[in-house]
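Read the structure below first, then the notes.
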Amino acid sequence: TVARLGAPVPDRRRLVEVDGRTALAAERIGGPSLWDELADAPTRATELGESLARIHLDLVEVPVSYDLPRQHDRVESKIRAAASRHGADLLDAIRLLPVEQHTDVLCHGDLHLRNVLLGRDGPVVVDWFDCCRGSLIGESARTALVIDTSRDLGGRSVPRPSLSEFRSGYLTSMRTALDIDDEHLADWTVLAAVARIAEDIGDIEVESVRRDLRRRVDLRAGSVS
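Following my numbering, the numbering of the sequence shown begins with 642 at its first residue and continues without gaps.
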């Protein structure tokens, strides 16, 4: 679907079977990932973070398709999965989901540094299995969270200060372009963290997320009263 819409995806996509499991075979992109670029040149962290923001904002120009699932539904499903494994109190995160979606843009769902390949003809984005239509603020929060929790992707490490600079460069550019509301971003950051728990990646500290969720829910309740 995203290929048909004009998103920067690899060519020659086809389903194949490997060891009894279905896999996706696609064009090999010769260039490095954005993570490799950062690992090779950590002093360019801010610049590379800004480049990820430009790639992300370019995706907004791709027409959205209503064939794609809603971001709201995807996130709610992951919240329920996290709650089933780690405690029903995590269901409170659903209260932070926006009731009305004021924007409906193409969302990759997992736009991080290993999913952006710097091809000869420009950036190519891979791993679209969580793509949806929804809020770019929610999408930005997910990307910032993954940057924040990344340590060692693909066997290569990046110094923690460089990751922080990368994240700052990315978020500063996104804030400037989108005029992001801090409260909405804070809500979506917690939503992204709870949803991440359901993925069993192991890079999220559940009790810390639980505390952040409680603070956001209490703050929201106080502002309503």
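We treat Cβ as the ideally placed atom computed from N, Cα and C, and that holds for glycine.
Throw me the rounded Cβ distance for the residue i and residue j pair, which I believe falls under 8 Å.
{"i": "A782", "j": "W829", "result": "4 Å"}
{"i": "I842", "j": "A834", "result": "About 11 Å separates the two Cβ atoms, so there is no contact after all."}
{"i": "L777", "j": "R837", "result": "Actually they are not in contact, since the Cβ atoms of L777 and R837 sit about 18 Å apart, beyond 8 Å."}
{"i": "L916", "j": "L860", "result": "Beyond the ends of the chain as shown, which are 642 and 866, falls residue 916; an answer cannot be given."}
{"i": "L854", "j": "A734", "result": "6 Å"}
{"i": "A686", "j": "E806", "result": "4 Å"}
{"i": "R653", "j": "A667", "result": "6 Å"}
{"i": "R721", "j": "C773", "result": "Not really, about 16 Å apart at Cβ, beyond 8 Å."}
{"i": "L700", "j": "H749", "result": "7 Å"}
{"i": "T784", "j": "L752", "result": "5 Å"}
{"i": "I670", "j": "P651", "result": "6 Å"}
{"i": "R761", "j": "W676", "result": "With 8 Å as the limit, R761 and W676 do not qualify as a contact, their Cβ atoms being about 18 Å apart."}
{"i": "E691", "j": "G810", "result": "5 Å"}
{"i": "D771", "j": "R715", "result": "7 Å"}
{"i": "R736", "j": "V858", "result": "6 Å"}
{"i": "S791", "j": "L812", "result": "So it is not a contact: roughly 15 Å between Cβ atoms."}
{"i": "R851", "j": "D730", "result": "7 Å"}
What are the start and end residues of the alpha helix (DSSP H) that includes residue i?
{"i": "V701", "result": "A686 to V701"}
{"i": "V787", "result": "L777 to T790"}
{"i": "L737", "result": "Unbroken run through L737: none, as it is neither H nor E."}
{"i": "L646", "result": "V643 to L646"}
For residue i, list the residues DSSP reports as bridge partners.
{"i": "T663", "result": "E658"}
{"i": "V746", "result": "G775"}
{"i": "S598", "result": "One cannot answer for residue 598 here, as it falls past the ends of the chain, which runs 642 to 866."}
{"i": "R711", "result": "R774"}
For residue i, does the three-state DSSP call read helix, strand or coil?
{"i": "P683", "result": "helix"}
{"i": "R774", "result": "strand"}
{"i": "S866", "result": "Caution is warranted here: a pLDDT of 49 is assigned to S866, below 50, making its placement in the model unreliable, and no coordinate value can be reported."}
{"i": "D859", "result": "helix"}
{"i": "S718", "result": "helix"}
{"i": "H727", "result": "helix"}
{"i": "V650", "result": "coil"}
{"i": "L854", "result": "helix"}
With residue i as the anchor, note down where its beta strand (DSSP E) starts and where it stops.
{"i": "G763", "result": "G763 to V766"}
{"i": "L758", "result": "V757 to G760"}
Residue ranges of each beta strand (DSSP E) within the stretch 797-848, 3 or longer = none
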